[in-house]
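I have placed the structure first, in the form of structure tokens, so that the comments after it can refer back to it.
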Amino acid sequence: MRRWKPKVTWRFGAALATLLVAAVGLVVVLLPLSDLWSLALAAWPYDGALFWRGLAVLVLALVTAVMAYRVAATLTLAYTMDRNGLYINWLGNRMVVPIHLIEQVDRGLGALQSELRPALGLGYLHGAVRLADGQTLHRFTTQPLSHALVVRTAQARYALSPKDADAFLQELEQRRRMGPIQQLNPGFEAGRIFSYAFWEDQIVQAALLVAALINLALVGWLMHAIPTLPALIDLQRDATGTLVQSHQILFFPLAGLALALFNLGLGVALFSRSPVGARLLQVGTVLVQLLFSVAALTLLW
């Protein structure tokens, strides 16, 4: 089985630079917070400044994780070929393009190029877009689409950028003339590491986004409110009316976060067998965040 790596372009350098900047920024923001771990929770400076610093940590951590994924995906991106098919591999995933379905290979998209919006594509251009002719274009190229090799089938197109394009085309044409030993089905074969179907589901995305925004809004509001609260408050956990320190009002968003993470893990595990059930769990997470928010606000008003 022959293997080709993609051409190295500025996109990989941009992805690596963004990763390093985000990681350094994360460390810079975290360093002033390191002293907090030596203090009791009651001694922490609960205020708006701490919330915004924590939010910066969260954003930088997400950017670092996303860019680490982009760098790893670029480093593992490769095109392989045998008599049966052309395979696009990255991070344990594989896109299968059966040899017998390949109709032709073009350089660039021609007139269809003007229909597409420019894309930054850190690491490499990735994802699927709908073309004006109704076909889906799957992008796996480090080069602009105008310079990429576009493998065309009756159902879809695949944009690639192998290092030795001429040798790649020669090998592909030879495989096509020889014909397949076994006819494959086109499609995406996901690896075991990432649950793409779950994360790409629109209902799941919307539910997670809304739940995260509600939780963050509650945390932010409470962190700004705590300095104005009495030192001791009644959380009404039991009939005795025991007073607790005011920072314990953060129990509500933290409990909401814990349940959200539990539902998230359960949803990832269930999605392949029961997509509807996994979606309902994430929608339920939104309702849980609302309930905890109402409970916290009711206690303070």
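Taking UniProt numbering, the leading residue of the sequence shown gets 1, the next gets one more, and so forth.
Backbone N, C-alpha and C fix where the C-beta goes; we use that ideal spot for every residue, glycine too.
Nearest-angstrom Cα distance between asparagine 215 and alanine 260?
Residue 215 sits at position 215 when you count from the first residue of the sequence shown. Residue 260 sits at position 260 when you count from the first residue of the sequence shown. Cα-Cα distance, rounded: 10 Å.
Whole angstroms is fine: what's the gap from glycine 85's alpha carbon to alanine 217's?
By one-based count along the sequence shown, residue 85 stands at place 85. By one-based count along the sequence shown, residue 217 stands at place 217. Glycine 85 and alanine 217: Cα-Cα distance of roughly 50 Å.
Count the other CB atoms within 10 Å of the CB of tyrosine 46; is the residue buried (16 or more) or exposed (fewer)?
Here residue 46 refers to the residue found at position 46 of the sequence shown. Result: buried.
Just how far apart, CA to CA, sit proline 144 and glutamine 155?
Walking along the sequence shown from the start, residue 144 turns up at place 144. Walking along the sequence shown from the start, residue 155 turns up at place 155. Their backbone Cα atoms lie some 22 Å apart in a straight line.
Rounded to a whole number of angstroms, what is the C-alpha to C-alpha distance between valine 283 and leucine 270?
As a working mapping, residue 283 is identified with position 283 in the sequence shown. As a working mapping, residue 270 is identified with position 270 in the sequence shown. Rounded to whole angstroms, valine 283 to leucine 270 spans 14 Å at the Cα level.
So the alpha helix (DSSP H) leucine 149 belongs to, where does it begin and stop?
Along the sequence shown, one-based indexing puts residue 149 at 149. From DSSP, leucine 149 is part of no alpha helix (DSSP H) but of the beta strand (DSSP E) over 149-152.
If contacts are defined as beta-carbon pairs under 8 Å, then arginine 83 and proline 180 qualify, I think. What distance do you get, rounded to the angstrom?
Locating residue 83 in the sequence shown gives position 83, counting from the first residue. Locating residue 180 in the sequence shown gives position 180, counting from the first residue. Going by Cβ atoms, the distance from arginine 83 to proline 180 rounds to 6 Å, so yes, they are a contact pair.
What three-state label does DSSP hand glutamate 200 in the structure shown?
Here residue 200 corresponds to residue number 200 of the sequence shown, with the count starting at 1. Of the three classes helix, strand and coil, the one that applies to glutamate 200 here is coil, per DSSP.
Jot down the residue ranges of each uninterrupted beta strand (DSSP E) in the region 168-217, minimum 3 residues, whole runs only, in chain order.
You should have 187-189.
Which residues share a DSSP beta bridge with tyrosine 158?
As a working mapping, residue 158 is identified with position 158 in the sequence shown. Tyrosine 158 is bridged to His138 and Val151.
Using alpha carbons as the reference points, say which of Ala207, Phe252 and Leu208 lies closest to valine 219.
Taking the first residue of the sequence shown as 1, we reach residue 219 at position 219. Considering only alpha carbons, the answer is Phe252.
Hey, out of Val24, Leu91 and Leu58, whose CA is closest to serine 195's CA?
Locating residue 195 in the sequence shown gives position 195, counting from the first residue. Cα-wise, what sits closest to serine 195 is Leu91.
Just to confirm, are serine 146 and glycine 108 a CB contact at a threshold of 8 Å?
Taking the first residue of the sequence shown as position 1, residue 146 is located at position 146. Taking the first residue of the sequence shown as position 1, residue 108 is located at position 108. Closer than 8 Å, so yes.
For the putative contact between valine 105 and leucine 172, defined by C-beta atoms under 8 Å, what is the C-beta separation to the nearest angstrom?
Position 105 of the sequence shown, counted from the first residue, corresponds to residue 105. Position 172 of the sequence shown, counted from the first residue, corresponds to residue 172. With a Cβ gap of about 7 Å, valine 105 and leucine 172 count as contacting.
Buried or exposed: glycine 191, going by 16 or more other Cβ atoms within 10 Å of its Cβ?
For the purposes of this step, residue 191 is taken as the residue at position 191 of the sequence shown. With fewer than 16 Cβ atoms within 10 Å of its Cβ, glycine 191 is classed as exposed.
Taking the alpha carbon of glutamine 170 as the point to measure from, which residue in Leu50, Ala78, Ile226 and Leu149 has its own alpha carbon closest?
Counting from one through the sequence shown, the residue named residue 170 turns up at place 170. Per the Cα distances, Leu149.
Could you say which of Leu208, His247 and Arg152 lies nearest to aspartate 133 if we only look at CA atoms?
The residue you call residue 133 lines up with position 133 of the sequence shown. Checking every option, the nearest Cα to that of aspartate 133 belongs to Arg152.
Could you tell me the alpha carbon to alpha carbon distance between alanine 231 and glycine 256, rounded to whole angstroms?
Working through the sequence shown from its first residue, we reach residue 231 at position 231. Working through the sequence shown from its first residue, we reach residue 256 at position 256. Cα to Cα, the separation comes out at about 24 Å.
Using CA atoms only, rank isn't needed, just tell me which of Leu55, Ala128, Arg175 and Leu137 is closest to arginine 2.
Along the sequence shown, read from residue 1 onward, the residue named residue 2 stands at position 2. Looking at the Cα atoms, Arg175 is the closest of the given residues.
Relative to the C-alpha of residue 302, which residue among Asn263, Leu222, Pro227 and Tyr158 is closest?
A question about residue 302 goes unanswered here, because the residues of the chain that appear run from 1 up to 301.
Starting from glutamine 289, trace the alpha helix (DSSP H) in both directions and tell me its first and last residue.
On the sequence shown, position 289 is the one that residue 289 refers to. 275-300 is the extent of the alpha helix (DSSP H) around glutamine 289.
Suppose you measure from the CA of alanine 56 to the CA of valine 29; what does that come to, to the nearest Å?
Position 56 of the sequence shown holds residue 56. Position 29 of the sequence shown holds residue 29. Whole-angstrom Cα-Cα distance: 7 Å.
Sorted by chain position, which residues of the same chain lie with C-beta nearer than 6 Å to proline 275's C-beta, five sequence neighbours on each side aside?
Taking the first residue of the sequence shown as position 1, residue 275 is located at position 275. Cβ neighbours of proline 275 beyond the five flanking positions: none.
Leucine 101: buried (16+ other C-beta within 10 angstroms of its C-beta) or exposed?
Position 101 of the sequence shown, counted from the start, is the residue given in the question as residue 101. That one is buried.
Which residue's Cα is closest to the Cα of phenylalanine 292: Ala43, Gly267 and Leu250?
In the sequence shown, the residue the question calls residue 292 occupies position 292. It is Leu250.
Here's the rule: buried if 16 or more other CB atoms are within 10 angstroms of the residue's CB, otherwise exposed. What is arginine 273?
Translated into positions along the sequence shown, residue 273 becomes position 273. Label assigned to arginine 273: exposed.
Among Val59, Gln248 and Leu31, which has the Cα closest to the Cα of alanine 40?
Taking the first residue of the sequence shown as position 1, residue 40 is located at position 40. It is Gln248.
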